[in-house]
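Once you know that position 278 of the sequence shown is 278 in the UniProt record's numbering, the rest is easy, because the numbers rise by one and skip nothing.
Every residue, glycine too, gets a C-beta built ideally from N, C-alpha and C.
For reference, the structure is listed below as structure tokens.
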Amino acid sequence: LGIRHTVIPLRREGFLDGLRTLVRQHDAPVYTVTYYVHWLLMRSVHQHGYRISVSGTAADELFSGYYDHHAFYLRQISGEPELFARSLENWNRHIRPIVRNPLLQDPLRFLAHPQARDHIYLDADLFAARLKNPTREAFFEEAYCDDLMRNRMFNEIFHEATPVILHEDDLNAMYYSIENRSPFLDRALFEFCASVPTRHLVQDGMAKAVLRRAMRGIVPDAVLDCRRKVGFNAPILDLLDARDPAVRGELLRDSPIFEHVERAAIGEIIDREATLPNSESKFLFSFLSCKLFLEECAA
Numbered sequence: 001l002g003i004r005h006t007v008i009p010l011r012r013e014g015f016l017d018g019l020r021t022l023v024r025q026h027d028a029p030v031y032t033v034t035y036y037v038h039w040l041l042m043r044s045v046h047q048h049g050y051r052i053s054v055s056g057t058a059a060d061e062l063f064s065g066y067y068d069h070h071a072f073y074l075r076q077i078s079g080e081p082e083l084f085a086r087s088l089e090n091w092n093r094h095i096r097p098i099v100r101n102p103l104l105q106d107p108l109r110f111l112a113h114p115q116a117r118d119h120i121y122l123d124a125d126l127f128a129a130r131l132k133n134p135t136r137e138a139f140f141e142e143a144y145c146d147d148l149m150r151n152r153m154f155n156e157i158f159h160e161a162t163p164v165i166l167h168e169d170d171l172n173a174m175y176y177s178i179e180n181r182s183p184f185l186d187r188a189l190f191e192f193c194a195s196v197p198t199r200h201l202v203q204d205g206m207a208k209a210v211l212r213r214a215m216r217g218i219v220p221d222a223v224l225d226c227r228r229k230v231g232f233n234a235p236i237l238d239l240l241d242a243r244d245p246a247v248r249g250e251l252l253r254d255s256p257i258f259e260h261v262e263r264a265a266i267g268e269i270i271d272r273e274a275t276l277p278n279s280e281s282k283f284l285f286s287f288l289s290c291k292l293f294l295e296e297c298a299a
């Protein structure tokens, strides 16, 4: 693309020690692998002499961006037959091939089940069964408006996504004495975005349609025209060599975590490392992060 950038390779060497350090710094489990990778990014920013980082936090929540937003959008415009038909065709052509969450494979899901939210906690029952005392927390969201898509986005920005991101990003940035800035979290911008009619948020199978149009001529077309949602993420096994006997021993050795999690379940996940789906990868990181937290801060 011809954009100046810095490559930050992911290495397995030092991952466990690095995550243990980060858990101590946060005084809590690191929420997801995203924030370990973000910590590596902040280290590189610091090493290059920069004191301020600028992020895109909240753009998805302000302009739309997640795959479920497409389905919420279809429900919201279902009363406009021409727009609905065109948007459904675009979803089938462009979005269906790239959606991995099986509960989002039906674009009309929220037309039939407007309160369905189990896609947010995919395989929650499976993971709960791996606990010593299985539990299930009921999902709750605030009611801000009757627009189902907007209400979901407001819950994400006020409660679910943005506060979590800011908490972790700020701690990671402060570790390296960097100021973390989030320019999308501007009150005037929020008020403007809230005033944009929902029908304009997704166009031609592209979420963030308003932002894409505003950035045309500034951001490369290859970026603006990409419909795939690319998260700031990494599979846990890009960082953790589960085939290394020393690593396996570290994961399964005696630890306070096994008062809460079935040890055999973790061994079974490690044994399947070659075929680990995304949700299992996230669970394994959550287990590891909680394990280190209990060992470092609660033992």
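Hey, how far is the Cα of residue i from the Cα of residue j?
i, j, result
"L104", "G49", "43 Å"
"R136", "E82", "41 Å"
"S286", "I266", "11 Å"
"H69", "M149", "6 Å"
"E89", "Q203", "11 Å"
"residue 302", "T57", "The displayed coordinates of the chain run from 1 to 299. Any statement about residue 302 would go beyond what the structure contains."
"S78", "E273", "42 Å"
"D123", "A116", "14 Å"
"N92", "F127", "31 Å"
"A194", "D147", "11 Å"
"C226", "T34", "21 Å"
"F72", "T32", "25 Å"
"W39", "R152", "29 Å"
Our contact map puts residue i next to residue j with C-beta atoms below 8 Å; I'd like the distance itself, whole angstroms only.
i, j, result
"R201", "F63", "A quick correction: the sequence has Leu, not Arg, at residue 201. About 7 Å separates the two Cβ atoms, so the contact holds."
"G205", "H94", "4 Å"
"L131", "V261", "6 Å"
"F15", "L240", "6 Å"
"A59", "L211", "6 Å"
Following the continuous alpha helix (DSSP H) through residue i, name the residue where it begins and the one where it ends.
i, result
"N151", "148–155"
"V210", "209–215"
"C226", "Counting along the chain, C226 falls outside any alpha helix (DSSP H), and DSSP gives it neither H nor E."
"G267", "263–271"
"L201", "Note, L201: premise wrong, no alpha helix (DSSP H); not H, not E."
"P245", "245–252"
"N278", "278–297"
"R86", "81–90"
"N172", "162–175"
Report the residue from the options whose alpha carbon sits nearest the alpha carbon of residue i.
i, options, result
"L288", "N233, D17, N151", "D17"
"residue 333", "S53, L1, L40", "In the structure displayed, the chain extends from 1 to 299; residue 333 sits before or after that span and is not available."
"Y175", "I3, R51, V33", "R51"
"Y144", "A138, E80, I157", "I157"
"P277", "V219, P235, Y67, P220", "P235"
"Q47", "M215, A112, A173", "A173"
"H5", "Y36, D146, L41, R11", "L41"
"E80", "L284, D254, R199, K282", "R199"
"L10", "Y36, V23, M215", "Y36"
"N233", "V247, I165, P97, E13", "I165"
"D244", "R12, L1, V7", "R12"
Would you mind reading off the limits of the beta strand (DSSP E) that contains residue i?
i, result
"N180", "179–181"
"V33", "Unbroken run through V33 is the alpha helix (DSSP H), 33–47; no beta strand (DSSP E)."
"V23", "Unbroken run through V23 is the alpha helix (DSSP H), 15–26; no beta strand (DSSP E)."
"V54", "52–54"
Is it true that the CB of residue j sits closer than 8 Å to the CB of residue i?
i, j, result
"D169", "S55", "yes"
"L108", "S87", "no"
"K229", "Y67", "yes"
"I269", "E280", "yes"
"E142", "N155", "yes"
"I178", "V45", "yes"
"E295", "S255", "yes"
Quick check: is the beta carbon of residue i nearer than 8 Å to any beta carbon in chain D?
i, result
"H167", "No chain D appears in this structure, which consists of one protein chain only."
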